[in-house]
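Order-wise, the sequence lines are chains X and G.
For the first sequence, this note's numbering gives the first residue as 279, with consecutive numbering after it.
For the second sequence, this note's numbering gives the first residue as 21, with consecutive numbering after it.
Built from N, CA and C at the ideal position, the CB exists for glycine as well.
Bear in mind that the values here come from a model prediction, so they are computed numbers and not experimental data.
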Amino acid sequence: MNRANAIWVIYASLGCALLLMLLPLPMDWRMIRPDIATLVLYYWVLALPHRVGVATAFTVGVMQDLIEGAPLGLSSPGLMLATLLLLLNYQRIRQFDLLQQSLMMLVLLILSAGVEQWLRNGIDLPASSWSGLFGLVCSMLCWIPLRSALRHSRRYYEVY
Amino acid sequence: MALQRGAVDAAAFASDIVLAPLDAWDRLAASFRSRSALQDDLLRLQQENRVLKGQSQRLASLLAENARYKALLNSAREIEDELIAAQITSLSPDPARHVVMLNKGAADGVQAGQPVLGAEGLIGQISLAGEYNSRAVLITDSAHALPVQINRSGLRAIAEGSGTIDRLVIRHLAATTDIRVGDLLVTSGLGGRFPHGYPVARVTDVDISPGDAFAVVSAAPSSALDRGRHVLVVERAPELTTAGAR
Numbered sequence: 279m280n281r282a283n284a285i286w287v288i289y290a291s292l293g294c295a296l297l298l299m300l301l302p303l304p305m306d307w308r309m310i311r312p313d314i315a316t317l318v319l320y321y322w323v324l325a326l327p328h329r330v331g332v333a334t335a336f337t338v339g340v341m342q343d344l345i346e347g348a349p350l351g352l353s354s355p356g357l358m359l360a361t362l363l364l365l366l367n368y369q370r371i372r373q374f375d376l377l378q379q380s381l382m383m384l385v386l387l388i389l390s391a392g393v394e395q396w397l398r399n400g401i402d403l404p405a406s407s408w409s410g411l412f413g414l415v416c417s418m419l420c421w422i423p424l425r426s427a428l429r430h431s432r433r434y435y436e437v438y
Numbered sequence: 021m022a023l024q025r026g027a028v029d030a031a032a033f034a035s036d037i038v039l040a041p042l043d044a045w046d047r048l049a050a051s052f053r054s055r056s057a058l059q060d061d062l063l064r065l066q067q068e069n070r071v072l073k074g075q076s077q078r079l080a081s082l083l084a085e086n087a088r089y090k091a092l093l094n095s096a097r098e099i100e101d102e103l104i105a106a107q108i109t110s111l112s113p114d115p116a117r118h119v120v121m122l123n124k125g126a127a128d129g130v131q132a133g134q135p136v137l138g139a140e141g142l143i144g145q146i147s148l149a150g151e152y153n154s155r156a157v158l159i160t161d162s163a164h165a166l167p168v169q170i171n172r173s174g175l176r177a178i179a180e181g182s183g184t185i186d187r188l189v190i191r192h193l194a195a196t197t198d199i200r201v202g203d204l205l206v207t208s209g210l211g212g213r214f215p216h217g218y219p220v221a222r223v224t225d226v227d228i229s230p231g232d233a234f235a236v237v238s239a240a241p242s243s244a245l246d247r248g249r250h251v252l253v254v255e256r257a258p259e260l261t262t263a264g265a266r
C-alpha cells in the first residue's frame, strides 16, 4: 500500500459540503436541498475505498446530526450501511456509466435516508413525508457535476 | 449534551461564515437607503410609538388594578416577565422539523424551556441553549404540543403542531364542545412551561363528523412563523414556574 498523499482534500471537501448544509433556504425550499455531504462521502468511498470507509461515514453522520441539532447518531447507521455496500461493490459501480451511477446513488441515498426515517419513527421524532423523495432526486441530479468536480480535484492534488 | 450545546455555537459560527457575503451585501444595501425612505420610517415609527405609549399607559393602570384585585383575593402577585430580544439567524436544515437558530444563548440568560414570542403571540420554546446561540422549536413542529385555553370560554386543550407552518391541531375535544371558528387560543399556564395568557393561535376550522366522538379543530398561529426575524425570549422568575405548575 502506497503512502497517503494529500488526504486533507478529502476532509476539506467533506467540511465544505457540511457547511453547504447550513446555507439558508426558505422554509419550503429545504425540501429540495441536495444532500451534498452524503454524495461527497460516497464519492470518496468509491474513489479511495482504502482511505474512506465506515468510520468516516460514522463521523460524517455525527457531524450532520450536530449541524441539524438532531439526536446524535441518527444519520450514522444509514450512512454506514450504504458505505458498507459501496465498499463491497465499488469495483462494479466504478464500471457503470454516469446514468447508471446516478441511479445507484439514488438507491444508496434512499437506503440511508430510509434507515434514518426508521430510527426517527423509533424515537417518535417527525419523519419527512414522501415529498422528502424530491430532495433525494435532487441529490441524484447533483451526482454527475459533483463527481466530475471531485474527480478533477482528486487528480489535481494527486490524492491517494 | 455538552457536546450538543457546543455544537449549537459551532454550527452558528459555521453558518456565520456561510452567510458572511450575504450579510455584507445586506449591510451595503442598508447603508445606501435613501434619506426620504428613512424619514418615512422615522415618521411611521414615531406614530407607532405614540400609539403604543398611549396603550401602555392604560396597561399600567390595568396592571395596578389587577394587582389590587389580586391582593384582595390574597393570591401571590404575578411577577412581570423579563424579555430577551433575539434574532432568528437560520432554520434547521432538516425539512421535517420546524426548528430555528437564535443569536442569544446562555450568556444572555437564555435557557432550555423558555418560551419564545413573536410579534403577535407565542411562537415556540428554546430546546437547546448554547453559550452564545440557541435553538428553538416552533409550536408547529410535529413533535411539539402545548397546553392552551380558549379565551372566550376558558376551555382547556392541547394544541399540537402539525408539521405545516400555518396550522395547529387540537384533537380529543368532545364533539359537543363549545368552540367556534375565530376563537382565540391563549397559553393556559398548565404544565408550568409557558406562562398564562400569551396568545397562541386563532381557530380556523372546526371539523365535527357525526360518527366521531371527537372534533378535530385546526388553528392558525397568531404570529406568522415564517415571517420576520425578531423574537423575544421570556426569561421567567422561578416563582412563576411553580405558580403555573399548581
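Check whether residue i and residue j have beta carbons under 7 Å apart
i, j, result
"residue 153 (chain G)", "residue 43 (chain G)", "no"
"residue 31 (chain G)", "residue 345 (chain X)", "yes"
"residue 224 (chain G)", "residue 239 (chain G)", "yes"
"residue 320 (chain X)", "residue 428 (chain X)", "no"
"residue 161 (chain G)", "residue 181 (chain G)", "yes"
"residue 237 (chain G)", "residue 254 (chain G)", "no"
"residue 34 (chain G)", "residue 297 (chain X)", "yes"
"residue 409 (chain X)", "residue 309 (chain X)", "yes"
"residue 144 (chain G)", "residue 242 (chain G)", "no"
"residue 126 (chain G)", "residue 102 (chain G)", "no"
"residue 315 (chain X)", "residue 295 (chain X)", "yes"
Own chain residues within Cβ distance below 7 Å of residue i, not counting five before or after
i, result
"residue 123 (chain G)", "106, 107, 109, 153"
"residue 365 (chain X)", "323, 327, 331"
"residue 399 (chain X)", "405"
"residue 362 (chain X)", "332"
Through-space distance from residue j to residue i, alpha-carbon basis
i, j, result
"residue 177 (chain G)", "residue 194 (chain G)", "11 Å"
"residue 90 (chain G)", "residue 211 (chain G)", "22 Å"
"residue 357 (chain X)", "residue 349 (chain X)", "15 Å"
"residue 136 (chain G)", "residue 293 (chain X)", "32 Å"
"residue 84 (chain G)", "residue 75 (chain G)", "14 Å"
"residue 120 (chain G)", "residue 206 (chain G)", "22 Å"
"residue 138 (chain G)", "residue 393 (chain X)", "36 Å"
"residue 418 (chain X)", "residue 377 (chain X)", "10 Å"
"residue 370 (chain X)", "residue 25 (chain G)", "42 Å"
"residue 338 (chain X)", "residue 353 (chain X)", "9 Å"
"residue 367 (chain X)", "residue 149 (chain G)", "43 Å"
"residue 359 (chain X)", "residue 336 (chain X)", "10 Å"
"residue 70 (chain G)", "residue 166 (chain G)", "35 Å"
"residue 252 (chain G)", "residue 174 (chain G)", "26 Å"
"residue 375 (chain X)", "residue 219 (chain G)", "58 Å"
Cutoff 8 Å; reference residue i; Cβ partners in own chain excluding five residues on either side
i, result
"residue 436 (chain X)", "283, 284"
Integer Cβ distance of residue i from residue j, believed to fall under 8 Å
i, j, result
"residue 118 (chain G)", "residue 158 (chain G)", "4 Å"
"residue 405 (chain X)", "residue 116 (chain G)", "6 Å"
"residue 179 (chain G)", "residue 170 (chain G)", "Contact doesn't hold; Cβ gap of about 10 Å is too wide."
"residue 414 (chain X)", "residue 355 (chain X)", "Rounded, the Cβ-Cβ distance is 17 Å, inconsistent with contact."
"residue 432 (chain X)", "residue 287 (chain X)", "7 Å"
Contacting residues, own chain, Cβ-Cβ under 6 Å from residue i (five flanking each side not counted)
i, result
"residue 184 (chain G)", "none"
Note down, in chain order, all residues in the stretch 336-355 of chain X with a beta-carbon under 8 Å from any beta-carbon belonging to chain G.
344, 345, 346, 347, 348, 350
Members of the stretch 292-318 of chain X that neighbour chain G once the beta carbon cut-off is set at 7 Å
297, 299, 300, 301, 302, 305, 308, 309, 311
Residues, ordered as in the chain, of the stretch 382-394 of chain X that lie near chain G by beta-carbon distance below 7 Å
none
Positions along the stretch 229-247 of chain G whose CB lies within less than 7 Å of some CB in chain X
246
Selection of the stretch 180-209 of chain G by Cβ proximity to chain X, strictly under 9 Å:
181, 183, 185
By the 9 Å beta-carbon criterion, what residues does the stretch 105-131 of chain G contribute toward chain X?
109, 110, 111, 112, 113, 114, 115, 116, 117, 118, 119, 121
By the 9 Å beta-carbon criterion, what residues does the stretch 406-419 of chain X contribute toward chain G?
406, 407, 409, 410, 413
Where the stretch 141-158 of chain G meets chain X: residues whose CB sits under 7 Å from a CB there
148, 155
Taking a cut of 8 Å between CB atoms, which residues from the stretch 45-67 of chain G lie near chain X?
none
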